[in-house]
Amino acid sequence: MSNKAHPPELKKYMEKRVSVKIERGRHVTGILRGFDPYMNIVLEDTIEEISNTERNSIGMVVVRGNSIVIMQSLSNINSSTLRFYYKISTNLIPIHFILFSIGIIWLSILPLEDYNGKCYISENALLVGMIELKFSQDYNKAKTYTTTRSDLKAHGIAVEYFDNLQFEVAQQNFSINLPSLLVESGVNTYALFHAERSSHTEMLVVHISMNNHRLTKTQDIANFAVFLGLADYFSQQNYWARDILFLMTSHDVIGVQAWLQQYLGIADNSQILTSQSLHYHPGNIIAMISIKLKSEFFNLVRIKTEGVNGMLPNLDLVNTISFVAMRNLRMATNFFPSKSLEYKDLLYNTLYMAWNQVTGIPTGPHGPFLHYGIQGLTIEAVNDPTVRTTRLYSPAELGNLVESYMRSLNNLLETLHQSFNFYLLPGNNRYISIGIYIPPLMCILAPLVLKALVFWISYQYPWLSDPNNIPLDNKELSIKLLHSNPIPLESIGTILLAYTLIVLLIITHKYLYLFPGFPFAIVLTVSLITFRFFTNVTKENAPFFHSLLLLLLTMSTVALSIVNFPIALIISLILTIFTIFPRLIPIFCPIFILAPHLTLFIPDLSFLENLYLEYEISHRVFDGWGYSAIFLILVPLFIYKNP
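Position one of the sequence shown corresponds to residue 138 (the working numbering), numbered consecutively onward.
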């Protein structure tokens, strides 16, 4: 004990008889000698007896009149806690930098073969590649029929062909109306093949995108002929256990969304995408595939996986199509522009896939299906001059690939569930599972939790704010006068209410577009007004709000990482950088919020106009929430800078 270890305000009470309030309103009188290293008041010549329990409850004091009143028990603060607090608080930036660097390096080595897994098929029931492929002549038959009916438009030819096959065929008209951006109308044609052995409650879907015009390009004729030829060939087989729906849509993913809205009975109150109801309602869709033929003869099959909001198909589905193409048909397949196995190319492939997930824009017509929980992917056959191959493949061989894929799905007795739905693909035959890439993200976010803990301790015990007054090892302890900092419960409720309001506005954002950027302006205004004028933020309780907002940011990011890891990673990087350099926050946040709407002020920027159009379609037609999710995190971050 040392008499130097006391607040300056208590000097006049030292060596004097004082009254100290302890548990249950009791008062103890004695001569104040000082404080011991555990922050217990040291009284001598006391009249009352103090039990061990009461002695442990005695803690920091403040002066009220002529008495010294116990304000808070410090028995739960021991020397190890104090050491932890000051080691963290005084070295927070180095710790932050170290954990951030570890997380980034950890993520950067994941594309290497030693740190990820080799693709395999988990569902044995698929029986991949164990059939004899026979599709060939039906393609030539369909191609001949298409060329002889050149007087008709594509959808007219399809209706006539499906009628001849005695399929249940119908059409659906739809229109999309984005004022000043996009006003289009189109037609969808769908035909259902009823399998003999099917219970007519489940079906598979084969899809192509084809606008309703006359077919003049060779690749369009080939794509159309593969589609019709598969319908003809499948109708002749008796091994199908599920019905098969052949769907041809206009305007690519927009037509798919229009058809799915009516198939699933989803009402679009925004009137952005309007469509006719379906003439009949087929069974539940188990899986689908979309076919795109960019060249009549091709040497590479690109497999498109990313859907709306970065959703991915079951990895077994991807491995099935890749396995059949490479091992059975000897076709070159690729998910990304780069085909090299060098590290820089593997890293580029991983970042390319991550960027597709960040945008939330589907890479193919399968995207809307994934959005509604229906497994599917898109295959795109192209003639890539950079691919080293000894031969080109015909459209009929693309039909063989679809045939094998559909036969494997026909073998399933239940939906795909055994493999991963969250992964990254650095190469054709490698994958990074969710269990591998989440720990580095936690490493990047860990400093935010530590900083929230430091803020919380500094709020609970504000006298800890001066590191020169805390004992480390055997140093003497001096303290400051403690001010009472009650937890502002009404402010907590206001913050949570405002945060909930932000979430609700973002969820219903597609119905709030009075003009571009309106919902974001509403969210920003409401949140700022709420935080600035309806919360009692003072110098004393500011650490509490800092701690609460950091925890909200961290929890939101962790939850988001389960659904869309790349977006969560971007948010984590933003949070980490801004926590180290908080002065950048008020500069970056407004720019990010206004970025998609720059074309309103600079209409000559054509690339921004295209980006804005994709952004609007993604958010208003497909319910994309990627940008909104980042915005949801940045609002509390903006408040964090200005509590």
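Here a beta-carbon is modelled for each residue, glycine too, at the ideal position from N, C-alpha and C.
Other residues of its chain near residue i: CB distance less than 6 Å, five sequence neighbours each side excluded
{"i": "Leu546", "result": "Leu341 and Ala424"}
{"i": "Leu549", "result": "Ala262"}
{"i": "Ile391", "result": "Ile313"}
{"i": "Phe681", "result": "Tyr596"}
{"i": "Gln308", "result": "Val324 and Thr326"}
{"i": "Thr355", "result": "Glu433"}
{"i": "Ile239", "result": "Cys580"}
{"i": "Gly501", "result": "Ser427, Lys441 and Thr515"}
Residue i at chain D interface by Cβ criterion, 9 Å
{"i": "Leu430", "result": "The question asks about chain D, but that chain is absent: this structure has only one protein chain."}
CB contact flag (residue i, residue j, <9 Å)
{"i": "Ile113", "j": "Leu315", "result": "Nothing about residue 113 can be read from this structure; the chain reaches only from 138 to 780."}
{"i": "Thr386", "j": "Asn325", "result": "yes"}
{"i": "Val363", "j": "Ile428", "result": "yes"}
{"i": "His344", "j": "Gly420", "result": "no"}
{"i": "Asn366", "j": "Ala295", "result": "It should be pointed out that residue 366 corresponds to Gly in this sequence rather than to Asn. No."}
{"i": "Phe541", "j": "Ile268", "result": "One detail in the question is off: residue 541 reads as Ser in this sequence, not Phe. Cβ distance < 9 Å, so Ser541 and Ile268 count as in contact."}
{"i": "Ala822", "j": "Leu302", "result": "Residue 822 lies beyond the range of the chain shown here (138 to 780); nothing can be said about it."}
{"i": "Phe304", "j": "Ala368", "result": "yes"}
{"i": "Leu452", "j": "Ile422", "result": "no"}
{"i": "Tyr276", "j": "Tyr298", "result": "no"}
{"i": "Phe759", "j": "Pro505", "result": "yes"}
{"i": "Val393", "j": "Ser346", "result": "yes"}
{"i": "Ser412", "j": "Ala395", "result": "yes"}
{"i": "Phe361", "j": "Phe330", "result": "no"}
{"i": "Arg464", "j": "Gly266", "result": "yes"}
{"i": "Tyr574", "j": "Leu270", "result": "no"}
{"i": "Leu466", "j": "Tyr509", "result": "no"}
Given residue i as reference, the closest of the options once Cα atoms are compared
{"i": "Leu562", "options": "Leu585, Ser531, Pro450 and Arg467", "result": "Pro450"}
{"i": "Ala462", "options": "Phe473, Tyr480, Asn436 and Ala491", "result": "Asn436"}
{"i": "Glu260", "options": "Thr457, Arg528 and Ala279", "result": "Thr457"}
{"i": "Leu229", "options": "Pro502, Ala328, Ala359 and Val591", "result": "Val591"}
{"i": "Met490", "options": "Gly504, Lys481, Phe472 and Phe506", "result": "Phe472"}
{"i": "Leu289", "options": "Gly323, Ser322 and Arg351", "result": "Arg351"}
{"i": "Ile426", "options": "Leu688, Asn375 and Arg544", "result": "Arg544"}
{"i": "Leu430", "options": "Leu507, Leu535 and Asn277", "result": "Leu535"}
{"i": "Tyr222", "options": "Ser595, Ser684 and Thr526", "result": "Ser595"}
{"i": "Tyr376", "options": "Phe434, Gly323, Glu321 and Arg334", "result": "Arg334"}
{"i": "Trp762", "options": "Gly572, Thr496, His554 and Gln394", "result": "Thr496"}
{"i": "Gln399", "options": "Val539, Thr283, Phe681 and Tyr417", "result": "Tyr417"}
{"i": "Gln274", "options": "Pro719, Leu401 and Pro532", "result": "Pro532"}
{"i": "Phe559", "options": "Val265, Leu688 and Ile699", "result": "Ile699"}
{"i": "Asp357", "options": "His292, Ala395 and Gln373", "result": "His292"}
{"i": "Lys481", "options": "Ile239, Glu250 and Leu401", "result": "Glu250"}
{"i": "Met782", "options": "His503, Leu488, Arg286 and Val438", "result": "The requested residue 782 does not occur in the structure, where the chain is confined to residues 138 to 780."}
{"i": "Pro248", "options": "Gly240, Arg567 and Ile403", "result": "Arg567"}
{"i": "Leu410", "options": "Leu319, Thr355 and Asn253", "result": "Leu319"}
{"i": "Thr526", "options": "Gly510, Phe434 and Gln555", "result": "Phe434"}
{"i": "Leu685", "options": "Ala705, Leu466, Thr227 and Trp593", "result": "Trp593"}
{"i": "Ile511", "options": "Asp521, Thr442, Pro576 and Arg464", "result": "Thr442"}
{"i": "Arg379", "options": "Leu488, Leu687, Glu551 and Ala705", "result": "Glu551"}
{"i": "Thr285", "options": "Ile241, Ile242, Thr353 and Tyr252", "result": "Thr353"}
DSSP bridge partner residues for residue i (one or two, in chain order)
{"i": "Met340", "result": "Asp380 and Ile422"}
{"i": "Ile516", "result": "Ile428 and Ile440"}
{"i": "Ile569", "result": "Leu561"}
{"i": "Phe435", "result": "Tyr530"}
{"i": "Thr411", "result": "Ser312"}
{"i": "Met385", "result": "Thr326 and Ile345"}
{"i": "Glu254", "result": "Looking at the sequence provided, one finds Gly at residue 254 rather than Glu. The partner list for Gly254 (beta bridge, DSSP) reads Tyr568."}
Cβ neighbours of residue i in the same chain (closer than 7 Å, five flanking residues each side left out)
{"i": "Gly564", "result": "Leu478, Leu483 and Asn486"}
{"i": "Ser709", "result": "Leu578, Ile581, Leu582 and Thr694"}
{"i": "Ile440", "result": "Val455, Ile458, Ser459, Thr470, Phe472, Leu514 and Ile516"}
{"i": "Leu264", "result": "Ser545 and Asn548"}
Cβ neighbours of residue i in the same chain (closer than 8 Å, five flanking residues each side left out)
{"i": "Leu651", "result": "Low confidence applies to Leu651: its pLDDT is 42, below 50, so where it sits in the model is not reliable, and the reading given next is rough at best. So no residue of the chain qualifies."}
{"i": "Pro798", "result": "Absent from the structure is residue 798, since the part of the chain shown begins at 138 and ends at 780."}
{"i": "Ile225", "result": "Ile232, Leu587, Leu590 and Val591"}
{"i": "Leu507", "result": "Gly444, Val445, Met448, Leu449, Pro450, Pro499 and Gly513"}
{"i": "Trp492", "result": "Pro703"}
{"i": "Tyr119", "result": "One cannot answer for residue 119 here, as it falls past the ends of the chain, which runs 138 to 780."}
{"i": "Leu721", "result": "Ile714 and Phe715"}
Residue i Cβ short of 8 Å to the ligand PLP heavy atom set
{"i": "Leu244", "result": "Among the ligands in the structure shown, none appear at all, so the ligand PLP cannot be discussed."}
Entirely within the region 437-501 and at least 3 residues each: give me those beta strand (DSSP E) ranges in chain order. Within the region 437-501, the complete beta strand (DSSP E) runs of at least 3 residues are 437-441 and 469-471.
Please give me, in chain order, every unbroken run of the alpha helix (DSSP H) with length at least 4 that falls completely inside the region 304-374. Given a length threshold of 4 residues, each whole run of the alpha helix (DSSP H) inside the region 304-374 is given here in chain order: 355-372.
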